[in-house]
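Chains as they are written, first to last, in this note's numbering: chain U, 1 to 309; chain Y, 1001 to 1652; chain S, 2001 to 2260.
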Amino acid sequence: MGFFVETLIGGLMAGMLYSLVALGFVLIFKASGVFNFAQGAMVLFAALAMARFAVWIPGWLGIDNALLGNILAFLAAGGLMFAVAWLIERLVLRHLVNQEGATLLMATLGIAYILEGLGTSIFGSDIYKIDIGMPKDPVMILEGTFEGGLLINKEDFVAALIAAVLVGLLTLFFQKTSTGRALRAVADDHQAAQSIGIPLNRIWVIVWCVAGVVALVAGVIWGSKLGVQFSLATVALRALPVVILGGLTSVPGAILGGLIIGVGEKLSEVYLGPHIGGGIEIWFSYQLALVFLLFRPQGLFGEKIIDRV
Amino acid sequence: MPELASTQALDTFPRLLFHHAQVRASKTAMREKDLGIWQCWTWLEVAAEVRALACGLAEMGFTRGENLAIVGDNRPRMYMMMAAVQCLGGVPVPLYQDAVANELLFVLLDGEIRFVFVEDQEQVDKVLEIQAQLPHLEHLFYDDARGMRHYTQAFIHDVRELMAMGKIHHRNHPDLLAEAIASGHADDVSVMLYTSGTTGKPKGVRLTHRAFIAAAQGGVDFDDLTDSEDILSYLPMAWVGDHLFSYAQAMVAGFTINCPESAETVMNDLREIGPTYYFAPPRVFENLLTQVMIRMEDASRVKQKMFHYFMAVARRCGAEILDQRPVGLADRLRYALGRMLVYGPLKNVLGMSRIRVAYTAGAAIGPDLFRFYRSIGINLKQLYGQTETCAYVCLQPDGQIKFDSVGRPAPGVEVRIAENGEILVKGAMLLKEYYRRPDATAEAINADGYFMTGDAGLFDDDGHLKIIDRAKDVGKLANGAMYAPNYIENKLKFFQHIKEAVVFGDRRTMVCAFVNIDIGAVGNWAERRGIAYSGYTDLAAKPEVYGLIEECIEQVNRELVGEGVLGDSQIHRFLILHKELDPDDDELTRTRKVRRNFVAEKYAVLIEALYAGRQSQFIETAVKFEDGRQGKVAADLVIRDVRTFPLARKAA
Amino acid sequence: MSREIGEVILDLKNVSLAFGGVKALTDISFDVREHEIRAIIGPNGAGKSSMLNVINGVYRPQQGEIVLRGRRFARMNPYKAAQAGISRTFQNIALFKGMSVIDNIMTGRNLKIRTNLLLQALWWGPARREELAHRAKVEEVIDFLEIQHIRKTPVGRLPYGLQKRVDLGRALAMEPSILLLDEPMAGMNVEEKQDMCRFILDVNDQFGTTIVLIEHDMGVVMDISDRVVVLDYGKKIGDGDPDAVRSNPEVVSAYLGAGH
């Protein structure tokens, strides 16, 4: 029993990170109808920037304090993501207004390659570490409830906490502020939003900025766990089943979908793996997504939109 | 000079008001939701506004004893105007806000009214429509300035102007108001309420301060009401019930009245305020229950199951628990769980979580309906009274609730049953007179000083009064058996699918009925069965709907057979009317009572068809739309026979 | 005090619009004066909606220009139009269906919001005060349109007539100087039409808003408009006060010809 719960919690924590990446997809899709294939590249790009800035900035400024260095690096990387968002809107999206979904999808594929290329040429192609002082050692909890207690990875726990806080803040931002309301309005009906004086261009920049921040947080967490390397970009592919499961237009769907996939992967690996063979973790989520596509193509909470992708 | 000297008895409403302004000055007296926010007035603020209004009226030449008409929804300033008029020894005359211009005309002429206070443009327009026929009208005040910019007539004023004028007047004559209040007397008329009158022209019922304060004080003592009650004031101000609960009792106990934002938002406002004390006619309780039921039918299966299970528990023991009678431990536990899962949330949705006492009156309430509210823990009780008795004759005491009685005579009220079964009452709360109708006054109050209610009733063994029917409506069938039409109609109306019913049978061989279906409940029923319909007339004619109503009537027949003397009154034939009975077509009174004779005359051809044994009948009826246009509704109405049951006593 | 019709505020000069080879509008000129109610009527397919879309910049005419308060716009776009104080409603109601009535109307305040994103994100001081001030303004609109009872209801769940009212509410929340109404009474029953007429007249009267409305039903519009433009097959066939338009033989035949 204790082992099962451990696996479950491990899955939930991994799932939280999937949710974060999926959230990036959903935000952009809702606001602009674009399925952003570059989300993975953005995660990589942001993580690379963070990793390098965390080394470069203390070097340039002669700062010893690791925490301060990390904060400055985070802000710099955030600023860079804003700039990227602004450039994407300026150079790409603005010229593709009212084009076919497929055209926009191709455009984001292009953006993905550019970001990956740009990332490696600016920041180099080595494997970097992000050390934001995450506690690495596991802890035992609930020793009274379960025999032998539960072994929890502190790092996972902190990461999940950060992801949860971010999701909470985003929800508040969307529900409570006038910009959030404008974002929801644009997501609901472009044309109407425009005619009441909501500037689409600015909204798109904001959405891409938010997606950029989400990518940065995801990148930092994944990076500090696994190291920053090219394979981070494929994290996005792991999040694909999540959005299929949760629905492309639903924020709660993205979160729940992430958790389901996370838990599903871990449980299937542990309990089905020995019978079917290892490595289920890799393809389990795609199977699940496939089943969903067959029976509920709009996802758990989504609208009937998926055919646009 | 303060308006209230400490030596004065608190025996008029103005004195009560200024008393509250002294002893609970900063307590909230009134609330109104406006622009999405609950605006509050303390007793001190209310007193200040009343002072301004009263002094303004004095400045405009309002004199002691004269009438002032008030027309509009429940608004704080409308209530304040009542108090202001009373300060000057005048008589406020609240009128139904949905009265059409002609109905206003009658009252404004009858009361020789010079001053009219209305809520808004809509009401101003109504008065202007009949202005030419109103020789007495001198001043028309309005509360809501919206849309009033282009009304340039000199006699129309914003009530704020009146108050501004009043403030200046008060500065110049600081003693006038205090003197006016001091010279008021408990036996002065405090309010005139027009009875809707099921027959003939309305009569102005003149009630004194003494009468209404006695009725209010009796009710406050009876239910231990305090100054911390909250009540939602949403019933027509012209109705005696609202005047008793929202004005007289609030003035006596010093509690808070809350005015809803608009008629459509009442449900929401109810939820936000969560009144502790509540008053509504049965149809409001019925509408609420219907809404709950409709929503339950759309809920998930699990929820439905849970709901029905715990409602069964509540039916079994809820009322007993409320009355603090012994109930088994198992049921008590189930009920406690139900309170957490179902009754609590349900009460919350209904806006009834905080209710200590709720009353219903004005018409008979269905036993199932009544039981429903009591079983989920709402202390709903019935009261009995008329406009002529300040709505105060009988009250149901806590813990002694019978579904078919209206309780015991209230404190200070004497009740007798006359030979012919008519209920006679006497007490401080009786009317002073009908306005300018000594003949009617003499007719209504007998030589011993009893008011003749016109209702037929009897006392049961526990001394609880049971109302059977209107005394004059109680008739005889051709075979001489007693026939109480309202009693039967009420039985029919207790079904959620039947909105109105009119039965016929006096001096006839059998009882037949007209039925109005409830478009909400039956519409929902039809939708769930995939029955398409285009509107009321279409739905009413569906054979499936006829079947549904037939079942209800059969059920009534089954009940009537068990009630001995009324067994001959089983309904033999019925039809569903092609239009809803409507006050705009004079078929119902403003309080939604059926005008039996009018309906019988208007639909004579249908009655004839019922008794001639025909299977259908064509009819065309003129209708008035809300905007005043005329139209016609025509239909070929089906007539159905219903199963009747052999009388048990004959077999015995 | 009575509203006084002022100077020309909006002037359309020789506007022509075509989609591909199909001419939607041909050489149309008319003006709108401040504070007036100006109707554009015509049978279905006459080009009324195109006309409105040109004014608010959804369509760009191939020829002609729009002069707004003396400023020439060869190219208008919806955002510029909104900034210039033009708001509109839609024939097919383009409300944000998933959002509540109050949120929908609040979006109408978007242009007026001054505090920046950062302050809003922190829900802090000035941003919060501003939000409350806008909310108060929106409550006035809600009160004006008598829709208090549906404040929190998601728009998608409302009946058609009420959605139209919310649509008007959102446009009003912008406090426009010119209000474009695209068939405000289409699909309504008699009572709803009367309500809508009352609201349109009240808006015009109380706020002095200039109103341009299009309708294909002549009846109601003639009663509330100061001047009427009649279009048929993308051409202007009549322009003047309602009585003049009603007696214009070309207008009569256009309507008869279209089966009205």
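The beta carbon of each residue, even a glycine, is placed where N, CA and C say it ideally should be. These figures come from a predicted structure and were not determined experimentally.
Sorted by chain position, which residues of the same chain lie with C-beta nearer than 7 angstroms to Val139 (chain U)'s C-beta, five sequence neighbours on each side aside?
Ile152 and Lys154
Whole-angstrom Cβ separation of Ile88 (chain U) and Val207 (chain U), contact assumed at under 8 angstroms?
Going by Cβ atoms, the distance from Ile88 (chain U) to Val207 (chain U) rounds to 11 angstroms, so no, they are not a contact pair.
Closest Cα partner of Met16 (chain U) within the set U:Gly219, U:Ala182, U:Asp189 and U:Ala159:
U:Ala159
Taking the beta carbon of Tyr18 (chain U) as the centre, do at least 16 other beta carbons fall within 10 Å, making it buried, or is it exposed?
buried
Report yes if the C-beta distance between Ile2105 (chain S) and Arg2170 (chain S) is below 8 angstroms; otherwise report no.
yes
Which same chain residues, not among the five before or five after Gln1304 (chain Y), have their C-beta less than 7 angstroms away from its C-beta?
Met1296
Gly59 (chain U) to Leu72 (chain U), Cα distance in whole Å?
12 angstroms
May I ask you to verify whether the segment 221 to 239 of chain U touches the segment 48 to 58 of chain U, counting CB pairs closer than 8 angstroms and requiring at least 3?
yes
8 angstroms contact criterion, which Ala1418 (chain Y) and Val1393 (chain Y) should meet: CB distance rounded
Contact doesn't hold; Cβ gap of about 15 angstroms is too wide.
Is the segment 1132 to 1143 of chain Y touching the segment 1004 to 1023 of chain Y in the sense that three or more CB pairs, one from each, lie closer than 8 angstroms?
no
Quick one: any contact between the segment 1175 to 1185 of chain Y and the segment 1150 to 1158 of chain Y, if contact means 3 or more CB pairs under 8 angstroms?
no
Listed from N- to C-terminal order along the chain, which residues in the segment 1261 to 1283 of chain Y have their beta-carbon within a distance smaller than 9 angstroms of any beta-carbon of chain S?
Glu1261, Ser1262, Ala1263, Glu1264, Thr1265, Val1266, Met1267 and Asn1268
With a cut-off of 8 angstroms, does the C-beta of Leu1232 (chain Y) fall near any C-beta of chain S?
no
Closer than 7 angstroms between beta carbons: that is the criterion. Which residues of the segment 1299 to 1324 of chain Y meet it against chain S?
none
Please check if any C-beta of chain S sits within less than 8 angstroms of the C-beta of Leu1341 (chain Y).
no
Members of the segment 2130 to 2142 of chain S near chain Y, C-beta cut-off 9 angstroms
Arg2135, Ala2136, Val2138, Glu2139, Glu2140 and Ile2142
Answer with yes or no whether the minimum CB distance from Gln2163 (chain S) to chain Y is below 8 angstroms.
no
Under three-state DSSP, which class holds Asn2014 (chain S)?
strand
Find out if the Cβ-Cβ distance for the pair Thr2210 (chain S), Glu2036 (chain S) is shorter than 8 angstroms.
yes
Close Cβ partners of Val1599 (chain Y) (< 6 angstroms) along its chain, the five nearest in sequence each way excluded
Val1502 and Glu1587
Contact set for Ala1652 (chain Y): own chain, Cβ-Cβ below 6 angstroms, skip 5 residues either direction
Note that Ala1652 (chain Y) scores 37 on pLDDT, short of 50, meaning its location in the model is unreliable; the coordinates nonetheless yield the value given after this. For Ala1652 (chain Y), where only same-chain residues beyond five positions count, there are no Cβ hits under 6 angstroms.
Helix, strand or coil for Asn153 (chain U) per DSSP?
strand
Please give me, in chain order, every unbroken run of the alpha helix (DSSP H) with length at least 4 that falls completely inside the segment 1341 to 1374 of chain Y.
1344 to 1350
Quick check: is the beta carbon of Leu1035 (chain Y) nearer than 8 angstroms to any beta carbon in chain S?
yes
Does the Cβ-Cβ distance between Val1189 (chain Y) and Val1091 (chain Y) come in under 8 angstroms?
yes
Can you check whether the C-beta of Pro2078 (chain S) is within less than 8 angstroms of a C-beta belonging to chain U?
yes
So the candidates are Y:Val1313, Y:Leu1341, Y:Gln1324 and Y:Leu1346; which of them puts its Cα closest to the Cα of Asp1331 (chain Y)?
Y:Val1313
I'd like the list of long-range same chain contacts for Gly180 (chain U), defined as Cβ closer than 6 angstroms, with 5 residues on each side in sequence excluded.
Phe173 and Phe174
One question on the structure: do Thr1226 (chain Y) and Ala1253 (chain Y) come within less than 8 angstroms of each other, judged by their Cβ atoms?
yes
Would you call the CB atoms of Val167 (chain U) and Ile57 (chain U) closer than 8 angstroms?
no
Whether or not the segment 2064 to 2080 of chain S and the segment 2240 to 2247 of chain S are in contact is what I'm after, with contact meaning three or more pairs of Cβ atoms, one per stretch, closer than 8 angstroms; do they touch?
no
Go through the segment 2146 to 2194 of chain S residue by residue and report every complete run of the alpha helix (DSSP H) that reaches 4 residues or more, in order.
2160 to 2173
Let's test the definition: count the other Cβ atoms within 10 Å of the Cβ of Met2174 (chain S) and tell me whether it reaches 16, buried, or not, exposed.
buried
In or out: Tyr2160 (chain S) buried (at least 16 other Cβ within 10 Å) or exposed?
exposed
Just the C-alpha distance for Leu2132 (chain S) and Leu232 (chain U), rounded to the nearest angstrom, thanks.
44 angstroms
With a threshold of 7 angstroms on Cβ separation, who are the neighbours of Val2252 (chain S) within its own chain once the five nearest residues in sequence on each side are excluded?
none
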